[in-house]
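Input: a single structure, listed below in structure tokens.
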Amino acid sequence: MKTDVQGCSTCKAGGEQYEWFRLRLGRKTVKRLQYDYRHTDGELFTCVAGSLEEARAKRDAWLNR
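Numbering (my numbering), first residue to last: 16 to 80.
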């Protein structure tokens, strides 16, 4: 992500960051989202998803564990 510093997320505790990018798969180009969320205890959740809603659903599933 452009908001990373030397490959480490700069996401603040309790906050989220995301960035869209394009990925080429064969002849197709698909749009994906890299999503970071840092819990208030400092643990970082990161994923790649097709939409912001999908990423937030993955985050919510991670929080419920």
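All C-beta atoms in this analysis are idealised placements derived from N, C-alpha and C, irrespective of residue type, glycine included.
Please name the residue in R74, K43, N79 whose C-alpha comes closest to that of E31.
-> Within the sequence shown, residue 31 is the residue found at index 16, counting from 1. For E31, the nearest C-alpha among the options comes from R74.
If you draw a straight line from the C-alpha of L48 to the C-alpha of G57, how long is it?
-> Working through the sequence shown from its first residue, we reach residue 48 at position 33. Working through the sequence shown from its first residue, we reach residue 57 at position 42. About 22 Å.
Round the Cβ separation of T55 and G29 to the nearest angstrom and send it over; I've been treating them as touching at under 8 Å.
-> What you label residue 55 is simply residue 40 of the sequence shown in a count that begins at 1. What you label residue 29 is simply residue 14 of the sequence shown in a count that begins at 1. Rounded, the Cβ-Cβ distance is 5 Å, consistent with contact.
Which listed residue (L38, N79, R80) has its alpha carbon closest to that of A64 | The residue labelled residue 64 in the question sits at position 49 within the sequence shown. Closest by alpha carbon: L38.
Inter-residue Cα distance where the pair is W35 and L59 = Numbered from its first residue, the sequence shown carries residue 35 at position 20. Numbered from its first residue, the sequence shown carries residue 59 at position 44. For W35 and L59, the distance between alpha carbons rounds to 19 Å.
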